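Q: Handing you this structure, nothing more for now.
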């Protein structure tokens, strides 16, 4: 049974308060999503009953914590349609994850003269890591422009992505404009030139979870 909007709002205790004598309406989910009662209760239960290091101990609490940890990985795998749970890697958040990709995969695959391509609509979390990597590796950072109506200019994408391109890093959706970018199409173009696509999907993943090759 699908919940109504009113029923869904009731799951979020923070939305029950009033701000400036008005019912709180929260629209900044692209930056930080609020937590429903189910998540708050699960965290509370974990810290009261199961808190222990995962994959580090053989005592009962550690085993329960590890089981919950890996069960969450399987749930995320199904949610985003990943091929296997090993594809799900926990990070502190999207910014941390993108920095991790840039400082590991990027650092080992980008060399002097290579290209990194991003769009001009990128959030700082998908801009700064590539700027720093380009400076460190003496690579070129290129930008895909927008059409007059705020869509990603796919003709410009085809021009910017070349055989020198090693990484294409683009948000699935803009935090500011809400523009949804065609990641599958971008991945195809990137792969044709031997590059990989890094998709920043955190603003759109909850309402539009789906897998990508």
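In the working numbering, the protein residues as written are 146 to 358. Positions of the beta carbon are idealized from the N, C-alpha and C atoms, including for glycine. Being a predicted model, the structure only gives us computed values, none of them experimental.
What does the alpha-carbon distance come out to for the pair residue 284 and residue 174?
A: 34 Å
Q: Check whether the Cβ atoms of residue 251 and residue 235 lie closer than 9 Å to each other.
A: no
Q: With a threshold of 8 Å, are at least 3 pairs of Cβ atoms found where one atom belongs to the segment 258-269 and the other to the segment 222-237?
A: Taking 8 Å as the limit for Cβ pairs, the verdict is that the segment 222-237 does not touch the segment 258-269.
Q: Considering just the uninterrupted stretch of the beta strand (DSSP E) at residue 288, what are its terminal residues?
A: 285-289
Q: Would you tell me roughly how many angstroms separate the C-alpha atoms of residue 219 and residue 290, rounded to the nearest one?
A: Distance between the alpha carbons of residue 219 and residue 290: 37 Å.
Q: Cα-Cα, which of 273, 204, 318 and 303 is closest to residue 295?
A: Of 273, 204, 318 and 303, the residue nearest in Cα terms is 318.
Q: Please classify residue 231 as buried or exposed, where buried requires at least 16 neighbouring CB atoms within 10 angstroms.
A: exposed
Q: Given a cut-off of 9 Å on the beta-carbon distance, is the pair residue 278 and residue 302 in contact?
A: Their beta carbons are not under 9 Å apart, which means residue 278 does not touch residue 302 by this criterion.
Q: Just verifying my parser: in three-state terms, what is the DSSP assignment at residue 205?
A: helix
Q: Can you tell me which of the three DSSP states residue 264 falls into?
A: In the three-state DSSP reduction, residue 264 falls in the strand class (E or B).
Q: Mapping DSSP to helix, strand and coil, what is residue 218?
A: helix
Q: Tell me which residue opens and which closes the alpha helix (DSSP H) that residue 169 is part of.
A: No alpha helix (DSSP H) contains residue 169, which DSSP labels as neither H nor E.
Q: Go ahead and pull the three-state DSSP assignment for residue 349.
A: coil
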